[in-house]
Amino acid sequence: MASDCTFNSYSNVDTLNQEEKEVPCLFQRQVQTSQYELLERYSSFNKLQNIIAYIYRFYLNALKRKQIIKDTFLTPTELENALLVIIRSVQKHHFADDIYAIKNNLKIKSGIANLHPFIDANDILRVGGRLQNAGIPRDKMHPIILPKNSKVTSLIIEREHLRLLHAGPRLVHSSLSQKYWIISGIREIKKVLHKCLKCIRLKAEAAKQLMGSLPAERINATRPFQHVGIDFCGPFSMKVARIRKPLVTKGYVALYVCFVTKAIHIETVSDLSTETFLACFNRFISRRGMPTKVFCDNAKTFKGAENQLKELYELQNSKSHRDAVYNYCKTNYIKFVFIPSYSPEFGGLWEAGVKSVKYHLKRVIGTMCLTYEEFNTVMIQIEGVLNSRPLLSFNPNEGEYLTPGHFLIGTAICSYPEVNVSEISFNRLKFWKVVTKLKQDFWKTWSKDYLTQLQSSPKWKYDLPNLKEGDIVLVKQLNTPPLEWPLARIVKVFPGKDKNVRVAEVRFNNKVYLRSIAKLCPLPIN
Numbered sequence: 001m002a003s004d005c006t007f008n009s010y011s012n013v014d015t016l017n018q019e020e021k022e023v024p025c026l027f028q029r030q031v032q033t034s035q036y037e038l039l040e041r042y043s044s045f046n047k048l049q050n051i052i053a054y055i056y057r058f059y060l061n062a063l064k065r066k067q068i069i070k071d072t073f074l075t076p077t078e079l080e081n082a083l084l085v086i087i088r089s090v091q092k093h094h095f096a097d098d099i100y101a102i103k104n105n106l107k108i109k110s111g112i113a114n115l116h117p118f119i120d121a122n123d124i125l126r127v128g129g130r131l132q133n134a135g136i137p138r139d140k141m142h143p144i145i146l147p148k149n150s151k152v153t154s155l156i157i158e159r160e161h162l163r164l165l166h167a168g169p170r171l172v173h174s175s176l177s178q179k180y181w182i183i184s185g186i187r188e189i190k191k192v193l194h195k196c197l198k199c200i201r202l203k204a205e206a207a208k209q210l211m212g213s214l215p216a217e218r219i220n221a222t223r224p225f226q227h228v229g230i231d232f233c234g235p236f237s238m239k240v241a242r243i244r245k246p247l248v249t250k251g252y253v254a255l256y257v258c259f260v261t262k263a264i265h266i267e268t269v270s271d272l273s274t275e276t277f278l279a280c281f282n283r284f285i286s287r288r289g290m291p292t293k294v295f296c297d298n299a300k301t302f303k304g305a306e307n308q309l310k311e312l313y314e315l316q317n318s319k320s321h322r323d324a325v326y327n328y329c330k331t332n333y334i335k336f337v338f339i340p341s342y343s344p345e346f347g348g349l350w351e352a353g354v355k356s357v358k359y360h361l362k363r364v365i366g367t368m369c370l371t372y373e374e375f376n377t378v379m380i381q382i383e384g385v386l387n388s389r390p391l392l393s394f395n396p397n398e399g400e401y402l403t404p405g406h407f408l409i410g411t412a413i414c415s416y417p418e419v420n421v422s423e424i425s426f427n428r429l430k431f432w433k434v435v436t437k438l439k440q441d442f443w444k445t446w447s448k449d450y451l452t453q454l455q456s457s458p459k460w461k462y463d464l465p466n467l468k469e470g471d472i473v474l475v476k477q478l479n480t481p482p483l484e485w486p487l488a489r490i491v492k493v494f495p496g497k498d499k500n501v502r503v504a505e506v507r508f509n510n511k512v513y514l515r516s517i518a519k520l521c522p523l524p525i526n
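Numbering (the UniProt record's numbering), first residue to last: 1 to 526.
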């Protein structure tokens, strides 16, 4: 207290400047840790059991100094005793009221009353049940009761899951029921197995989100091929000429698809040089008109492909090629738009076109090797067939159906020749008005029926939780088993106008990549 302290007054100031001696003081604080808190510290049941067994051995050695156990390894008896100590501690923590009621012959008021529990000679709470007359082992007849929402219960489930080589919930439950009765067993087991990283990686599902709105380029009426998507496919084997031993070379197919009418334009190219690509693009412009916006795959889309696509990837990823294309487009006021890497679902329109081209090509030429002229002829015929497909489901009661060809030449490409009307007088026919009316009818049908058909979503029909910055995900890799998919962290998300995230930046391998959520598998550890 302050009243018990006396202060000496110093008249000499020099005395205050004398060296002060530092006296070390030791402060000791006692922290009490309950036995149950000790059980919550460890992430492996085997490690926890071993630690409790060594503590119990130390305790016995302290009591019996003449019979000290010096063995390096733990005995089965010591491990069994440690298991009983752990279970007793867990049961006293979770079933304290029930144990008190049983010991004092009171009524059990909790949910385990229908198990007719009792306490055995080792002070362990077990199921009484109705199988006393069954010829089965005691542990199965009277299994040990384990609580739900307990760290120790989860560790026991995890150990059994690993012992059974990552078995499913029903097999794990069947095995554990030989000795334990877990409250809400199946649910607890599923909860633990849902956190097993190996099982998660092998069953990883990509993130999904509600299908977004169609871009303006697809639903606003414009002339054909004003907004196009480009894709390449190949290589295909071609002969130089029809001679006895011809030289076989590789050829590729460039596919252009109109965003509004789904019309397709196909160009056959002999190689994948920048000059050939620009020449192919010039041929397309000369026949279909100048586009204002061009969509295409990101160059890295081809990186994970097989060896036959190596040249295609090198062309798309070449800086000189991109510079040449950009300069050409800048001069002609054409805007190039690249979709995210490894995200073909963003280019579904032209991917579907490539699929349709290959469908017909395989059935027409099979394994034959054609010359360049023959191959180009087949491709142009396939183009005509694809441009004669109905945009709407065909109804025989409605007569002629609307096709991409109607927007290109006024009728389906593969339709039969029309009746000759050249003998009819010009005034009666009013030809230019008829043509104008036909075009307006095509666009009216397109606006009335085709756009309505695009309303429904074929998949991704529900709003789902968005991925967030900081989430841990698996990144899908082509031709790689799931256990080798890299772990990544989301560093940035890009919500759309509807606030739904469909693209994100992820960091792995010390780099940041842009990926569609269809390539990202969220982990439950988030």
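Beta carbons are placed, not taken as given, at the ideal position from N, Cα and C, and that holds for glycine. The model shown is predicted, which means the values in this text are computed figures rather than measured ones.
What are the start and end residues of the beta strand (DSSP E) that includes residue i?
i      : result
Ser516 : Lys511 to Ser516
Pro522 : Leu520 to Pro522
Phe73  : Run containing Phe73: none; DSSP gives neither H nor E here.
Going by DSSP, what residues sit across from residue i in a beta bridge?
i      : result
Arg489 : Ile472 and Arg507
Cys258 : Val228
Arg126 : Phe118 and Ile144
Thr249 : Met238
Cys369 : Paired residue(s): none; Cys369 is not in a bridge.
Phe346 : Per DSSP, none; premise fails for Phe346.
Phe494 : Val503
Cys233 : Val253
Closest by CA to residue i, which one among the options?
i           : options                           : result
Arg515      : Pro524, Ala62, Val475 and Leu483  : Val475
Glu469      : Val506, Lys497 and Leu478         : Val506
Cys369      : Lys330, Val248 and Cys258         : Val248
Ser237      : Glu205, Cys258, Ile365 and Gln381 : Ile365
residue 567 : Pro390, Leu391, Cys414 and His406 : Residue numbering for the chain in the displayed model covers 1 to 526; residue 567 lies beyond these limits and cannot be assessed.
Asp120      : Ser110, Ile144 and Tyr100         : Ile144
Leu478      : Arg502, Tyr342 and Asn510         : Tyr342
Phe277      : Leu386, Gly251 and Val385         : Gly251
Arg502      : Leu125, Asn133, Lys92 and Gly212  : Gly212
Pro465      : Ile87, Gln209, His194 and Gly353  : Gln209
Pro524      : Ile490, Ile472 and Tyr513         : Ile472
Pro522      : Leu202, Val240 and Lys355         : Leu202
Lys191      : Val172, Leu272 and Arg244         : Val172
Arg159      : Pro147, Ser175, Lys148 and Asn149 : Ser175
Identify the continuous alpha helix (DSSP H) that holds residue i and give its terminal residues.
i      : result
Cys280 : Thr274 to Arg288
Ile182 : That residue, Ile182, is in no alpha helix (DSSP H); its beta strand (DSSP E) goes Tyr180 to Ile182.
Cys199 : Leu197 to Leu202
Pro169 : Pro169 to Leu176
Lys151 : Lys151 to Arg163
Leu408 : Pro404 to Leu408
Gly212 : Premise fails: Gly212 is in no alpha helix (DSSP H) and is neither H nor E.
Arg187 : Gly185 to Leu193
Please state whether DSSP places residue i in a helix, a strand or coil.
i           : result
Ser270      : coil
Pro482      : helix
Phe338      : strand
Lys355      : helix
Phe27       : Unreliable placement is indicated for Phe27, whose pLDDT of 49 sits below 50; the coordinate value is still reported in the next sentence. Three-state result, Phe27: coil.
Arg502      : strand
Phe95       : coil
Lys64       : coil
Lys293      : strand
His265      : strand
Asn8        : Because the pLDDT at Asn8 is just 46, under 50, the model does not fix this residue reliably, and the point stays unresolved.
Asp139      : helix
residue 542 : As shown, the chain starts at 1 and ends at 526. That puts residue 542 outside it, with no answer to give.
Ala2        : Note on Ala2: pLDDT 45, under 50, position unreliable in the model; the coordinate value appears next. Reduced to three states, the DSSP call for Ala2 is helix.
Tyr56       : helix
Ala206      : coil
Asp323      : helix
Ile413      : coil
Lys103      : helix
Glu374      : helix
Ala113      : helix
Run the proximity test for residue i: is its beta-carbon closer than 7 Å to any non-hydrogen atom belonging to the ligand ADP?
i      : result
Ala518 : The ligand ADP is not part of this structure, which contains no ligands at all.
I'd like to know if the region 262-269 and the region 367-387 are in contact, where contact means that at least 3 CB-CB pairs between them fall below 8 Å. Yes, since at least three Cβ pairs between the region 262-269 and the region 367-387 fall closer than 8 Å, the two stretches touch.
The region 340-359 / the region 286-298 touching (three or more Cβ pairs under 8 Å): Verdict: yes, contact present.
Does the region 71-90 come close enough to the region 50-59 to have 3 or more Cβ pairs within less than 8 Å? Yes, since at least three Cβ pairs between the region 71-90 and the region 50-59 fall closer than 8 Å, the two stretches touch.
Between the region 159-175 and the region 114-131, are three or more C-beta pairs nearer than 8 Å? No, they do not touch.
Pairing CB atoms from the region 137-154 with CB atoms from the region 86-106, are three or more of them under 8 Å? Using a C-beta cut-off of 8 Å, the region 137-154 makes contact with the region 86-106, since at least three inter-stretch Cβ pairs fall below that distance.
Looking at C-beta atoms only, is the number of pairs between the region 212-232 and the region 257-265 that lie closer than 8 Å three or more? Segments in contact, yes.
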